[in-house]
Amino acid sequence: MSENMIPKVYDPKLFEKKWYEFWETSGFFHAEVEKDKKPFSIVIPPPNVTGQLHMGHAMDNTLQDILIRWRRMQGYNTLWMPGCDHAGIATQAKVEESLREEGLSRYDLGREKFLERVWAWKEKYGSRIMSQLRSLGSSLDWDRERFTMDEGCSRAVREVFVSLYEEGLIYQGMRITNWCPRCNTALSDLEVEHETEQGHLWHLVYPVEGSDEKVEIATTRPETMFGDTGVAVHPDDERYKHLIGKTLILPVVGRRIPLFADEYVDPKFGTGAVKVTPAHDPNDFEMGNRHDLEQVKVIENDGTMGEGAGKYAGLDRYECRKQLVKELEETGVLVKTENHEHAVGHCSRCHTTVEPLVSKQWFVKMESLAKPAIEAVNDGRIKFVPERFAKIYTGWLENIRDWCISFPRGHLGLPEVRQQEYPSG
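In this text, residue positions in the sequence shown follow the numbering used here: the first is 27, and each later residue adds one.
Here is the structure:
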């Protein structure tokens, strides 16, 4: 070979695709059961079909590939299983975004046509992701490629769901969840992005029943007052000790609500007296449970006001706020408005302001699952590198809450949850 035939710069396109195809067709990455070999397997954390792989995926999959190839060379019976995740609402949001560029919405298409677009998206980006993994040289067993909505996967999910329910680890309960009015679904804490916004603190006065005295409260969300079922103060706050146990009259609504003491209240914030709306705030929900308060839901899943809002029913929550503040000002209930900077949660997918709502959801009990996971680290069976991460891990599990596993019914073609298929809670 003459010197002129040797390229000055290595061009991976000339070699890598050719040799990867040879590896794949030769079955070098395929695994079968071999009883005389010790097994070693990794199920790929399935990338979402919401787009394409990024540098984080490249690093993560390279690390997995190193482990698999190392064990393969050591003589283990290795399996690295490929696949991708339907990503539910995240994929729906991407498809809707592409539709908006065409001036369309999912309602313009209708359910069946929209689902066709979603599956077309999956085929396009799912194929691109698999191609990217091949380009990385990932030694995956492509004969076992799976998609999380494959029938076998869906059947396995149903089987595990029912099994966990029968073991008492899954239950239905009323809880406050992060709710996106646009995506119409509950969100995990990780799916909520908090941003600092300039808002207001509205100071309202609630009259004490049978007295000329009034209690001043401060709120950033006056539209939720229709769901107030109590007012809380700190038990050591001298300003309100004589009122603990008294009854207040909820302005506009006229409902009788108790004034009670709870150590959660910060006497230094606002007026030291807080309206308690158990159906629309996670902290109020906990206080409501401690003091047996009624849960009155006044904001619907789509972000409009419910029947409990009286004449404001049907209005968007922010339009209701605007009109209600005007009424409160005219009737003397609003005594002061302050500028107030605070963190507001937004849906990570569509950026809509999240609404904390009480709703019936499916949960997994985490305490009995977390305990053995903590013990495995404490007794040395599992070691963290660097070791300092063990403290973060145990701290998370020691304070973990029950896991909400609900999903919207019929979402992206999933079958409706029927009573005969799933036991009622």
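Every residue gets a Cβ at the ideal spot worked out from N, C-alpha and C, and that includes glycine. Here the structure is a predicted model, which means the values were calculated and not measured.
Around the C-beta of G329, 16 or more other C-beta atoms lie within 10 Å, and the residue is accordingly described as buried.
A direct Cα-to-Cα measurement between G225 and W388 gives close to 34 angstroms. S165 is positioned such that its CB atom lies no closer than 7 angstroms to that of D86.
Closest in C-alpha terms to H372, from the list P382, F48, A299, comes P382. Using a Cβ distance threshold of 7 angstroms, L135 and V390 do not count as a contacting pair. Residue environment analysis places Y232 among the buried positions, since at least 16 neighbouring C-beta atoms fall within 10 angstroms of its C-beta. One Cα belongs to D262, the other to E177, and the distance between them is close to 59 angstroms. Each of R347, Q118, L105 was checked against the Cα of Y133, and the nearest Cα belongs to Q118. As summarised for the stretch 349-400, the continuous beta strand (DSSP E) elements at least 3 residues long and confined to that stretch are 360-373, 381-390, given in chain order.
Excluding the 5 residues flanking it on each side, E413 has no same chain C-beta neighbour closer than 8 angstroms. A distance of 7 angstroms or more separates the beta carbons of G163 and A244.
Sixteen is the threshold: when 16 or more other Cβ atoms of the shown chains lie within 10 Å of the Cβ of V121, as they do, the residue is buried.
Contact between the stretch 327-347 and the stretch 183-203 is absent, with fewer than three C-beta pairs closer than 8 angstroms. Boundaries of the alpha helix (DSSP H) around G421: 415-424. Here the C-alpha atom of A299 lies approximately 5 angstroms from the C-alpha atom of V259. Unbroken alpha helix (DSSP H) runs of no fewer than 4 residues, entirely contained in the stretch 80-123, are found at 81-99, following chain order. The alpha-carbon of K61 is positioned some 56 angstroms away from that of A305.
In the structure shown, D62 falls within a coil segment according to DSSP collapsed to helix, strand and coil. With distances taken between CA atoms, M392 lies nearest to Y197 out of E128, G53, Y197, T273. Ranked by Cα distance from G256, the options E249, I275, E264, H268 are led by I275. The residue from G280, E401, L285 with its alpha-carbon nearest to that of D318 is L285.
DSSP places H268 within a helical segment (H, G or I) once states are collapsed to three.
7 angstroms or more divides the Cβ of K150 from the Cβ of Y102. In the structure shown, Q224 adopts extended strand secondary structure according to DSSP, grouped into three states. Under the Cβ criterion (8 angstroms, minimum of three pairs), the stretch 103-114 counts as touching the stretch 64-80. DSSP lists L105 as the bridge partner or partners of S67. Rounded to the nearest whole angstrom, the CA to CA distance from M175 to H112 is 7 angstroms.
Classified as exposed, L89 has fewer than 16 neighbouring CB atoms from the shown chains inside 10 Å of its CB. Going by beta carbons, C430 and C209 fall outside the 7 angstroms limit.
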